[in-house]
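At position 92 of the sequence shown (counting the first as 1) the number is 107 in my numbering, and the numbers step up by one without a gap.
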Amino acid sequence: MLGTFQHSHLRIEVNANHEHIQASLVQPSQFRRWLWPQQFSQGLPGKIHSGLSFNSYLGPVEIHHDVKQVDDHSLYMVLSGGIDGFHEWYWGDQWVQSRLEGVSALPLNLGQSLAMARLRQFLQQSDL
16 MLGTFQHSHL RIEVNANHEH IQASLVQPSQ FRRWLWPQQF SQGLPGKIHS
66 GLSFNSYLGP VEIHHDVKQV DDHSLYMVLS GGIDGFHEWY WGDQWVQSRL
116 EGVSALPLNL GQSLAMARLR QFLQQSDL
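The following block contains the structure:
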């Protein structure tokens, strides 16, 4: 993989309980809405689960996701392709935290900051 090692850790407060945050992160019908312009593989189940593999696309860049763990308050995925590394999510009532590390030519901190801002906006506007 070409690129540089990057890491970003962000935690934000949101106006949502942990069930709404969880739905936004593990239900493809929800995360497709706030992670635009990122596109995702077709045929994803209603809820992602441990052992699931899928691809996302940011323009011509393909990122492969291997879901290693998902539970009521966390999600951990190993990434390869456009990002070689991992993405962890943790959440509770009124907060969400994201940790992204990997080698990539993409500006990971900028992308993560934009995604977190869009998630906050989505949770404020959504009636999940």
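For glycine and all other residues, C-beta sits at the position ideal for the given N, C-alpha and C.
Cα-Cα separation, Arg48 to Ala130: When rounded, the distance between both Cα atoms is 11 Å.
C-beta atoms of Val29 and Leu138 nearer than 8 Å: The criterion of a C-beta distance shorter than 8 Å is satisfied by Val29 and Leu138.
Distance between Arg26 and Ile98 (C-alpha atoms, nearest Å): Whole-angstrom Cα-Cα distance: 21 Å.
Residue burial classification, Gln140 (beta-carbon count within 10 angstroms, cutoff 16): Label assigned to Gln140: exposed.
His102 classed as buried or exposed, judged by whether at least 16 other C-beta atoms fall within 10 angstroms: By the neighbour-count criterion, in which a residue is buried when 16 or more other Cβ atoms sit within 10 angstroms of its Cβ, His102 is buried.
Distance, Lys62 Cα to Glu116 Cα: When rounded, the distance between both Cα atoms is 24 Å.
Spatial neighbours of His67 in its chain, beta-carbon cut-off 6 Å, leaving aside the 5 residues before and after: Residue identity check: residue 67 is Leu in the sequence provided, not His. Within the same chain, Leu67 has close Cβ partners Val82.
Residue from Gln136, His22 and Ser44 with nearest C-alpha to Leu125: Considering only alpha carbons, the answer is His22.
His35 burial status per 10 Å Cβ neighbour count (16 or more: buried): Buried is the call here.
Spatial distance of Leu17 from Ser39 (CA atoms): Taking the straight line from one Cα to the other gives about 31 Å.
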